[in-house]
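Position 362 (the sequence shown) corresponds to 438 in the working numbering; numbering is contiguous. Quick reminder that beta carbons are idealized off the backbone N, C-alpha and C, glycines included. Written below as structure tokens is the structure these notes are about.
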Amino acid sequence: MINIHNLSVSFQGDYLFEGITFQLTPGDRVGLVGKNGAGKSTLLRIIAGEQEYDEGQIATDKKVTIGFLKQDIDFTKGRTVLEEAYEAFSEIKTLEKKLESITMEMSERTDYESESYHQLMVDMNELQHQYEIIGGYNYQGDTERILKGLGFIREDFNMPTDTFSGGWRMRIELAKLLLQNNDILLLDEPTNHLDIESILWLEEFLNNYAGVVMLVSHDRMFLDNITNRTIEISLGKIYDYNQPYTKYLALRHELRTQQLATQKNQQKHIEHTEKLIEKFRAKASKATMAQSLIKKLDRIERIEVDEDDTAVMSLRFPVSVNPGKVVIEAENISKHYGDNHVLSGIDLFVERGSKIAFVGQNGQGKSTLAKILVNEIDHKGSVKLGHNVQIGYFAQNQVDYLEGSKTVEDTMLDAADEKTRPKVRNMLGAFLFRGDEVDKYVKVLSGGERNRLALAKLLLQPFNVLVMDEPTNHLDMKSKNVLKDALKSFGGTLIVVSHDRDFLQGLSNKVYEFKDRKIKEYLGDIDYFLEQRNLQNLREAERRSEVAESVKVKTSSGKEDYEQQKKRKSLQNKLSKVESEINKLEREIKEIDIELQINYNETIARENFFDNYQQRKQNLDKLMQEWTSISEQLDSFA
């Protein structure tokens, strides 16, 4: 599908990556991994045609279509969910405008017998025919079906997109990509801001997706569940293995160990040969042998060991001053956004030294309560801070507060005071901004680099209570581990919002679960919380909470409850199968419609063309009816 040969990209004279070559072929599910700033997002943008490259070639099959999900979604303000989803159909929307224009012109004219009026009718017929071929009469129904499948209800369709959280807006963008039926999907950190329910849906969607997938993610479980191939960008080179991420790490470690052992043995052989050469060179009778050994030594292909980029940021959160025993006391906290009531009557008592995790689905109020505690938003109820409490806050969208027109160094200097300004260069070095990198503009930094800069900027202020909302978004796996170690060593009070079990493991001593406008306290770490809920991981916790809401137990009989769950599971499996068949048929019909546009006469001349074409459409209608029927049966469980 895509051939990439000797691709090179440089930045300010230094190569980001150089001479990389690989192919994307049908069936590939590629995890693109590497450190922040290695060039992952850049490579995706180049493949998507959104960024130029310096050297090399990219060859793509003519009819291949590419869908690109970026890290940062930028919707046009004022559009509703439905209107934004319709943006997937740019060709259809263009035709609609043309049809509307012609209809308006025809309604205003009375010269029905004129040649120009006749031409308008011809144009109208041609446009209507083209409109039908590209699915103009079906796209609205398809859009509603996909949005409902992603969890939106009909009441959401006419709501402005800016009233939804980042996770729900990501679903709208995913809906657009799904509706486009692209051959290749490029996804740049798609799980950022997604709750577990959304991640589970995305995993299922990608596993059933017929095209090629290439994704950037720092979520190991997500990579292992989706990918069958890993490409790592490291120090300007790529390492390509047909294995998911965890298996790739083991294979690469094994290969590097073998390379080191082989290189060591080769070096011993070379040193022994060099000693013989020096010994024989001194004797005339052995000169011929010495020359033979020299030639042999020159022919040896020196074994190279893959370089391993071990640089990581250095992070430590110092406690400013010692606060009182009680650091935060919140009483009767309530918050609503319009008709959406998020929190109701929340009481929270935080003691000095507590390590607290907020968990739960998106929209349940985790980030809202975090913002209330740091006095970011209005609310009902009271929040009292204890003696000497100084709060440091890392928002979920912290990088949005960085100014793109400033350099890395200027960003830090502007936030520093007289005491911290002399330390700025050293702090930036600890966060891997070294040499000329401090002169980079913020707007050219990768998501992970901006996150590192935001963390460095946070350290410029004194604090003894740290509130962090999804701090691992955009961070590579090594940086996540460094952040976790720093938080474990932090001597102050910590409140962290996260969906990442690996990150939370061993980090907290108290967990608050957010659900139904309330919070529930668990006096232990994340493993204790999962044990109390009798669950294996956070994904299962959030998935089960969703099922618990939708399945009403109508009797106390355990047998009947089991049968209800069994029936619901069966319907869900049927629904997934029908959706897969619908996607396959829609793709086939789309391909035929494209052929009709390109070679209309040749296409319709095929034997039984119209019968086969109509049969596919009829089958699609039947599947749509079946999808509606199964969906209604599932809704009956609610």
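Going by DSSP, name the residue or residues bridged to residue i.
| i | result |
| --- | --- |
| residue 424 | 406 |
| residue 107 | 291, 306 |
| residue 597 | 588 |
| residue 433 | 572, 587 |
| residue 133 | 81 |
| residue 197 | Beta-bridge pairing links residue 197 to no other residue. |
| residue 456 | 410 |
| residue 544 | 470, 572 |
| residue 313 | 310 |
| residue 96 | 83 |
| residue 695 | According to DSSP, which records beta bridges pairwise, residue 695 is partnered with nothing at all. |
| residue 416 | 413 |
| residue 718 | The requested residue 718 does not occur in the structure, where the chain is confined to residues 77 to 714. |
| residue 517 | 483 |
Classify residue i as buried or exposed, calling it buried when 16 or more other Cβ atoms lie within 10 Å of its own Cβ.
| i | result |
| --- | --- |
| residue 469 | buried |
| residue 686 | exposed |
| residue 231 | exposed |
| residue 522 | buried |
| residue 281 | buried |
| residue 320 | buried |
| residue 219 | buried |
| residue 698 | exposed |
| residue 246 | buried |
| residue 226 | buried |
| residue 25 | Past the edges of the chain, shown from 77 to 714, lies residue 25, and the structure says nothing about it. |
| residue 275 | buried |
| residue 547 | buried |
| residue 303 | buried |
| residue 133 | exposed |
| residue 347 | exposed |
| residue 265 | buried |
| residue 646 | exposed |
| residue 474 | buried |
| residue 582 | exposed |
| residue 307 | buried |
| residue 432 | buried |
| residue 549 | buried |
| residue 78 | buried |
| residue 337 | exposed |
| residue 314 | buried |
| residue 118 | buried |
Hey, would you say the C-beta of residue i is under 7 Å away from at least one heavy atom of the ligand COA?
| i | result |
| --- | --- |
| residue 590 | You won't find the ligand COA in this model; it holds no ligand whatsoever. |
Grab me the residues of residue i's own chain with a C-beta within less than 6 Å of its C-beta, minus the 5 sequence neighbours each way, in chain order.
| i | result |
| --- | --- |
| residue 553 | 294 |
| residue 603 | none |
| residue 390 | 506 |
| residue 312 | 91, 93, 94 |
| residue 700 | none |
| residue 154 | none |
Can you find the residues in the same chain that come closer than 7 Å, C-beta to C-beta, to residue i, ignoring five residues on each side of it along the sequence?
| i | result |
| --- | --- |
| residue 443 | 472, 545, 573 |
| residue 365 | 356 |
| residue 419 | 409, 410, 411, 441, 444, 445, 593 |
| residue 95 | 82, 84 |
| residue 671 | 679 |
| residue 756 | Given that the chain is displayed from residue 77 to residue 714, the structure contains no residue 756 and the question cannot be resolved. |
| residue 395 | 540, 567, 568 |
Give me, in chain order, the residues of the same chain whose beta-carbon lies closer than 8 Å to that of residue i; leave out the 5 immediate sequence neighbours on both sides.
| i | result |
| --- | --- |
| residue 129 | 83, 84, 85, 122 |
| residue 370 | 353 |
| residue 451 | 459 |
| residue 296 | 321, 322, 553, 578 |
| residue 363 | 356, 357 |
| residue 591 | 436, 437, 440, 621 |
| residue 286 | 659, 660, 663 |
| residue 624 | Because the pLDDT of residue 624 is 46, which lies under 50, any placement of that residue in the model is unreliable, and the question is left without a value. |
Contact between the region 423-434 and the region 403-412: three or more CB pairs below 8 Å?
By the Cβ criterion, the region 423-434 is in contact with the region 403-412, since at least three pairs of Cβ atoms, one from each stretch, lie closer than 8 Å.
Minimum length 3: unbroken beta strand (DSSP E) runs contained in the region 222-304:
At a cut-off of 3 residues, the continuous stretches assigned as beta strand (DSSP E) that sit fully inside the region 222-304 are 260-264, 288-292.
Should the region 457-465 be regarded as contacting the region 394-402, the criterion being three or more beta carbon pairs within less than 8 Å?
Cβ pair count under 8 Å is three or more, so yes.
Uninterrupted beta strand (DSSP E) stretches inside the region 458-494 (no shorter than 3 residues)
Counting only runs of 3 or more, we get 467-470.
Using 8 Å as the Cβ pair cut-off and three pairs as the minimum, do the region 483-490 and the region 554-561 touch?
Touching, no.
With a threshold of 8 Å, are at least 3 pairs of Cβ atoms found where one atom belongs to the region 151-162 and the other to the region 216-234?
In this structure the region 151-162 touches the region 216-234; the number of beta carbon pairs closer than 8 Å is three or more.
Would you call the region 180-196 in contact with the region 162-169, where contact means no fewer than 3 C-beta pairs closer than 8 Å?
The count of Cβ pairs closer than 8 Å, one atom from the region 180-196 and one from the region 162-169, stays below three, leaving the stretches out of contact.
Check whether the region 114-134 and the region 322-331 touch, using three or more Cβ-Cβ pairs below 8 Å as the test.
With the rule of 3 Cβ pairs closer than 8 Å, the region 114-134 does not count as touching the region 322-331.
Pairs of beta-carbons, one from the region 487-501 and one from the region 533-545, closer than 8 Å: are there three or more?
Yes: at least three Cβ pairs fall under 8 Å.
Could you say if the region 132-145 and the region 206-216 meet the contact criterion of at least three C-beta pairs nearer than 8 Å?
With contact defined as three or more Cβ pairs closer than 8 Å, the region 132-145 and the region 206-216 are not in contact.
As an exercise, report each continuous beta strand (DSSP E) stretch of at least 3 residues that is fully enclosed by the region 142-191, in chain order.
Listed in chain order, the beta strand (DSSP E) elements of length 3 or more contained wholly in the region 142-191 are 142-145.
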